[in-house]
Amino acid sequence: MKLAFRWLTPFLALVLAITLLPASSAAPSADLVAVRAEVERLQEDAAEAGENAQAAKIQLARLKSQLESVRQEADVQKASVESVEKSLSAIAVARYKSTGLGEGLELLFSSDPSLYLSAAGSLEDVTRKQSLELRKYATAKQRLDATTLTVSDKVRLVQAAEARYRAQAAQVEAKLAQAEKLLSKLVKADREKILKLQAMDAAERQRYSKEQAKLANAVSGRAGTALRYAVKQIGDNYVWGAAGPIRWDCSGLTMRSFQQSGVRLPHSSRAQFGYGRSISRNNLQAGDLVFFGTPISHVGIYIGKNKMVHAPRPGAKVQIAEFGNYFGRKKYVGARRL
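The numbering used here puts the first residue of the sequence shown at 1169, with every later residue one more than the last.
What follows is the structure, encoded as structure tokens:
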């Protein structure tokens, strides 16, 4: 399944600049401030839906792998059943040649040889070889029937996971469309004001982030390798579902950063929370993964001094930001050390 990444319009980035407006006649109107807040909320919702989609995508891949494994098992079991059936047919033919019609022919044309045995009442009338082959058949057929049911169950699970993924991906697009619609309603003067200040805001954020990025230079080991890779991406755009080389979502950035250190992570903040060992807030070290949201929907790499490098949301760029018990509306939920 392929879903194309949505190219964000300039409108989704420019609202970040409003916060830099001085308290003067150039200050934004109350309506403009409200629009900015609503757009940012929609962008955050889109990012959260994107992480939900990534979690569903990972679950879908796992279920597809399980389904393929069970199907292969069913193929092997089917071949085993067919092999025993051929053996039974050969025995029946041989018995027919030696005894004529009767038991051998009934066995040959029975849709289920085990039913014939049941009707016969006992195994005393068949040869030892027939008895052994019939037991093999009954066991193999029972296993095949059970595996066939498992295949059906896995197919239903895969279909449900596909539906969840599509629904979350559609939610991302819907939230971004709502944000774009709000911004498109701004009058030309407001759009020009925001465009002018957007460059100032972006420059300030980049200056701050690159200044703080120096903290990564003192970190050694694989944590340091991951951090230094992450800070090199400062200034790259956020795009949900992206994992480089110049566009990222939050879990795509952390996944690719730790890949440089030889650590394989899934492309999902929720799934990444299951890797490494839990670290308390008081024992955070640079290079730890920090997680936010209930359920988890955001991840960054701790760089020290209550700061992280991360890909925030649509309309924003990879940057270094401070966090506390919350990051925006998302609650801090824990950290993992890889």
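Here a beta-carbon is modelled for each residue, glycine too, at the ideal position from N, C-alpha and C.
Taking residue i as the reference, give the member of the options with the closest Cα.
i: Leu1317; options: Gly1461, Glu1241 and Ala1215; result: Glu1241
i: Ala1223; options: Gln1428, Ala1331, Ile1414 and Ala1398; result: Ala1331
i: Leu1210; options: Gly1444, Ala1347 and Asn1405; result: Ala1347
i: Leu1325; options: Leu1312, Gln1234 and Ala1308; result: Gln1234
i: Glu1212; options: Gly1502, Lys1343, Gly1444 and Tyr1443; result: Lys1343
i: Ala1371; options: Lys1498, Asn1220 and Lys1485; result: Lys1485
i: Tyr1376; options: Glu1236, Gly1403 and Ala1394; result: Gly1403
i: Ala1260; options: Arg1239, Lys1246 and Glu1301; result: Glu1301
i: Ala1221; options: Phe1441, Gln1339, Phe1426 and Gly1461; result: Gln1339
i: Ala1503; options: Arg1497, Pro1463 and Gly1442; result: Gly1442
i: Arg1303; options: Ala1314, Phe1460 and Val1249; result: Val1249
i: Pro1480; options: Arg1373, Ser1320, Val1244 and Glu1236; result: Arg1373
i: His1478; options: Ser1299, Lys1400 and Asn1451; result: Lys1400
i: Pro1463; options: Gln1453, Asn1405 and Gln1440; result: Gln1440
i: Thr1315; options: Gln1245, Ala1335, Lys1254 and Leu1395; result: Gln1245
i: Phe1460; options: Glu1341, Ser1419 and Arg1445; result: Ser1419
Under a Cβ-count criterion, where at least 16 other Cβ atoms within 10 Å of its own Cβ denotes burial, should residue i be classed as buried or exposed?
i: Arg1204; result: buried
i: Asn1385; result: exposed
i: Ala1202; result: exposed
i: Phe1173; result: With a pLDDT of 38 at Phe1173, under the threshold of 50, the predicted position of this residue should be treated as unreliable, and no value is reported.
i: Phe1179; result: Because the pLDDT of Phe1179 is 43, which lies under 50, any placement of that residue in the model is unreliable, and the question is left without a value.
i: Tyr1305; result: buried
i: Pro1482; result: buried
i: Ala1191; result: Annotation note: pLDDT 40 at Ala1191 (below 50); position unreliable, coordinate value reported separately. Exposed, by the Cβ-count rule.
i: Met1423; result: buried
i: Ala1217; result: buried
i: Val1252; result: buried
i: Gln1327; result: exposed
i: Ala1247; result: exposed
i: Met1169; result: Per-residue confidence for Met1169 stands at a pLDDT of 43, beneath the threshold of 50, marking its modelled position as unreliable; no derived number is given.
i: Asp1369; result: buried
i: Asp1199; result: exposed
i: Leu1256; result: buried
i: Val1407; result: buried
i: Gly1541; result: What the structure shows of the chain is the stretch from 1169 to 1506, and residue 1541 is not part of that stretch, so it cannot be assessed.
i: Arg1438; result: buried
i: Lys1322; result: buried
i: Ser1290; result: With a pLDDT of 41 at Ser1290, under the threshold of 50, the predicted position of this residue should be treated as unreliable, though the coordinate-derived value follows. The residue is exposed, with fewer than 16 neighbouring Cβ atoms inside 10 Å.
i: Ser1352; result: exposed
i: Glu1208; result: buried
i: Ser1465; result: buried
i: Ala1287; result: Residue confidence for Ala1287 is low, a pLDDT of 49 falling below 50, so the modelled location carries little weight; the figure read from the coordinates is stated next. Classification for Ala1287: exposed.
i: Ser1425; result: buried
Spell out the partners DSSP gives residue i in its beta bridges.
i: Ser1446; result: Arg1504
i: Asn1405; result: Arg1415 and Lys1485
i: Gly1472; result: Lys1475
i: Glu1490; result: Lys1475
i: Val1458; result: Gly1468 and Ala1503
i: Lys1498; result: Phe1495
Please report whether the beta-carbon of residue i lies at a distance below 8 Å from any beta-carbon of chain C.
i: Lys1382; result: The chain labelled as chain C is not found in the depicted structure, where only one protein chain is given.
Entirely enclosed beta strand (DSSP E) segments - the region 1321-1400, minimum 3 residues | Those beta strand (DSSP E) runs which fall completely within the region 1321-1400 and span 3+ residues do not exist here.
Three or more C-beta pairs below 8 Å linking the region 1390-1405 and the region 1224-1236 = Cβ pair count under 8 Å is below three, so no.
For the 8 Å Cβ check, are there 3 or more pairs between the region 1403-1416 and the region 1466-1474?
-> With a cut-off of 8 Å on Cβ pairs, the region 1403-1416 is not in contact with the region 1466-1474, counting fewer than three such pairs.
Inter-stretch contact at 8 Å, needing at least 3 Cβ pairs: the region 1484-1499 / the region 1433-1445 | Flag = no, the region 1484-1499 and the region 1433-1445 do not touch.
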